[in-house]
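**Q**
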Amino acid sequence: MNRWETLEKKPAPLFTKDFGPLSGIRVLLNGTVVAAPFAATMFSDFGAEVIALERPKVGGDTARHQQPQLKEGEKHISGAWAQNARNKLSFTLETNLKKVPESKEIFLSLIKQVDVWIENMVWIEKLGITDEMLLEVNPKLIICHVSGFGTPRFGGIERYLNRACYDPLAQAESGWCLLQGFPETPPYYAQQYVGDYLSGLFAFSGILMALRHVEKTGKGQIIDATLCESWMRVMDDNFTLWAKEGIQKQRQGVKQEAYQPAGIFPTKDGKFINLGAYGKGAYEKVMKAFDFDLEKYSYEAAGGSKAALESDLGRELDQKFSDYFMSHTAQEAIDILIDNRMGAAVIKDCNDVMSEEHWKERGDWVTYEDQTLGEDITAFGFAPKMSETPGEVWRGAPKLGQDTEMIMKQLLDYTDEEYEALKGRGIID
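Under full-length UniProt numbering, the first residue of the sequence shown carries the number 1, and numbering increases by one thereafter.
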């Protein structure tokens, strides 16, 4: 009889602090870098017990090694890992079950003990893992696949499903990339892995829906979250406009074609204001705030349509806005705009954001000890805010394999002798 068959499921939390709305849920993560790990981070930030499996021979999750690094003496770790791996447990295991058969018993024992399995390894069959195998071990299991183009169960063309993908490629495939940039230059893509975080959020929301289904029926299910489809889902009106009217939106830079003022304006002190005054009411408010001649530059004549913006009067007004901002500091301009309830913002750097009293008052910066550095770091806290069950950091991001022995013995019931017999063989270390 297999070990997992005799293993009794132990309720969570067993190792983590009991807090948040997701306490009692245990998540197993087979994912690297951003998308799948961020879905797991959303769970760990709000109380779920998250076990991150890391392959020992390759140095664990590649996110650990991203540059630039946080440093303390000879110790170093990536800022992304320090931010996103907090509250997680690190379990080192070679998860190629075909290559290392001894790993299969450990892996399936973990599957027996969890509610959710998240992966972004894509080609799991090559590792000796199938959905059917896992659901046989744990019929209530929620399986969440995160990939670029999807998995065969949900359809698609094999050549597409087998394609490698990362965030900028998904931006290109989804149509998003075409809209970014200026008409006279090639398209560009959004930085900072925003699509990976986006697909992580879609995966997180899908898992929460599946957990509700388990509560009602006792039956697990499979979720397929993709980078491309996540970008496609947030394309607003693009696909409906094309399908019905044949309208293909194009790049328009930081200016708007149909209304002003709108765009990014440099200021006297070398900073930038992002301003958007959409609609007649907003237009008239900003004109009055800047003491511009509203009779001469009426909304209809200078600000409310593509034709108005391209007219001599519209171009003249655009230049007046540019001159206005260049004659004021960013703070002077933003004070006027905020006092008049206009939608505007100064484009800020990290120091600006972290120094802003508003975000400090909302508790957006948290300090905790990173387990690799052994020193305190400051990171962004929690979104969304919750009145009764807020997020919390009970521990910083773990060192590689920090929790392997504890989990093996306390969750999977391995004896000291059994654990020692696995060491030094490329299985758990």
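Ideal placement from N, C-alpha and C gives every residue a C-beta, glycine not left out.
Whose C-beta lies closer than 8 Å to the C-beta of R163 among residues of the same chain, with five residues either side of it excluded?
**A** The answer, listed in chain order, is G148 and F149.
**Q** Please report the distance separating the alpha-carbon of A243 from that of T151.
**A** Take the alpha-carbon of A243 and the one of T151: they are about 26 Å apart.
**Q** Which of the three DSSP states is assigned to I264 in this structure?
**A** Look at I264 here: in three-state DSSP terms it is strand.
**Q** Which same chain residues end up closer than 6 Å to M232 when comparing Cβ atoms and leaving out the 5 residues on each side of it in sequence?
**A** S174
**Q** Could you tell me the alpha carbon to alpha carbon distance between V353 and L97, rounded to whole angstroms?
**A** 46 Å
**Q** In the region 150 to 190, which residue ranges form an unbroken beta strand (DSSP E) of at least 3 residues, counting only runs that do not cross its ends?
**A** none
**Q** Look at the Cβ atom of V254, then the Cβ atom of N238, and state whether they are nearer than 9 Å.
**A** no
**Q** Run through DSSP, which three-state label would I222 get?
**A** strand
**Q** For the putative contact between residue 432 and V34, defined by C-beta atoms under 8 Å, what is the C-beta separation to the nearest angstrom?
**A** Outside the shown range of the chain (1 to 429) lies residue 432, about which nothing can therefore be said.
**Q** Residues in its own chain within less than 6 Å of A289 by CB, not counting five upstream and five downstream?
**A** Closer than 6 Å at Cβ, skipping near neighbours: I336 and N340.
**Q** Does DSSP classify T217 as helix, strand or coil?
**A** helix
**Q** Going by Cα to Cα distance, which pick from L7, G47, M1 and P11 is closest to E388?
**A** G47
**Q** Quick one, which of G363, M386, P384 and K57 has its alpha-carbon nearest T378's?
**A** G363
**Q** Just checking my contact of Q180 with R251 at CB under 8 Å: how many whole Å lie between their CB atoms?
**A** With a contact defined as Cβ atoms closer than 8 Å, Q180 and R251 qualify at about 7 Å.
**Q** Relative to the C-alpha of F15, which residue among Q69, R55 and L89 is closest?
**A** L89
**Q** According to DSSP, is G200 helix, strand or coil?
**A** helix
**Q** Alpha carbon to alpha carbon, how far is D376 from R395? Give it in angstroms, no decimals.
**A** 11 Å
**Q** Out of L201, T92 and L313, which has the shortest C-alpha to C-alpha gap to V146?
**A** L201
**Q** Compute the Euclidean distance between the alpha carbons of R212 and L22, then round it to the nearest angstrom.
**A** 12 Å
**Q** Sort P13, G276, Q171 and R159 by Cα distance to A344 and report the nearest one.
**A** Closest in C-alpha terms to A344, from the list P13, G276, Q171 and R159, comes G276.
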